[in-house]
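Residue numbers (the working numbering): 634 to 806. We treat Cβ as the ideally placed atom computed from N, Cα and C, and that holds for glycine. Shown next, in structure tokens, is the structure this report addresses.
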Amino acid sequence: MIIPLAISVGLLGGICTWAFLATNAFLIWAAFAAWACFYHCGGDAAAFRTTVVSNIFGVVIAWTAGLALALLAPGPVLGATIVAASIAVYVLAAHIPAFSSIPAVTYGYACTFSFLTQNADAFTPAAMLSASGRNALLIVPFSMIIGACFAFASAKLAGWIHDVALKQSPSAS
634 MIIPLAISVG
644 LLGGICTWAF
654 LATNAFLIWA
664 AFAAWACFYH
674 CGGDAAAFRT
684 TVVSNIFGVV
694 IAWTAGLALA
704 LLAPGPVLGA
714 TIVAASIAVY
724 VLAAHIPAFS
734 SIPAVTYGYA
744 CTFSFLTQNA
754 DAFTPAAMLS
764 ASGRNALLIV
774 PFSMIIGACF
784 AFASAKLAGW
794 IHDVALKQSP
804 SAS
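In structure tokens form, the structure reads like this:
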């Protein structure tokens, strides 16, 4: 299944990258993080649901912590405490079945802080509360959902390629 998967992910990864670069409106690295998350969670329909729900939950938790940091402008100790508390919240949320994949939540959390810390203009209350592409709460989950959709499609395409190859192999006769 590795060869069909390599073909599928390579092809769709190229298409995904082209689409993201052509529009310059989304975060390709967040899409690929969600893509990895999908396969990390099992690469099936349940993994798709887990990826989308958990990634979005991680984004919301990180965005909330980020907004607190942006509003309060705390020093290192209070800032670290806010982040530590937010991480504890999402780990404890693993008691809720929808958020039980701590790594999947972490992907969303990490992508959000990656976006915020790479874009100082986005790490402001004005940007974080806006309805714009500078709002991590909008652009990160949207990018991750697109990545999860490409991941799901790549799994389906790999399965189809595998099935076609089996039907055409001499031992299948």
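- Bounds of the alpha helix (DSSP H) holding I635 are I635 to T656.
- Rounded to whole angstroms, the separation of the alpha carbons of L749 and G699 is 8 Å.
- Rounded to whole angstroms, the separation of the alpha carbons of A753 and I794 is 44 Å.
- Inter-residue distance for A731 and I636 is about 32 Å (C-alpha atoms, whole angstroms).
- For F746, the uninterrupted alpha helix (DSSP H) run begins and ends at I735 to Q751, by DSSP.
- Taking the Cα positions, A663 is about 7 Å away from V773.
- Straight-line measurement puts the Cα of S763 at about 25 Å from the Cα of A666.
- Three or more Cβ pairs drawn from the region 681 to 691 and the region 723 to 743 lie within less than 8 Å of each other, which places the two stretches in contact.
- C-alpha of S765 to C-alpha of L799: approximately 48 Å in a straight line.
- Taking C-beta atoms under 8 Å as the contact rule, T697 and S719 qualify, at a distance of about 7 Å.
- Under the criterion of beta carbons closer than 8 Å, G676 and A786 do not qualify as touching, at roughly 12 Å.
- Distances from the alpha-carbon of Q751 to those of A658, R767 and A759 put R767 closest.
- In this structure, the beta-carbon distance from L702 to V716 falls below 9 Å.
- Straight-line spacing of the CA atoms in C649 and G780 works out to 8 Å.
- The Cβ atoms of A769 and W668 lie no closer than 9 Å to each other.
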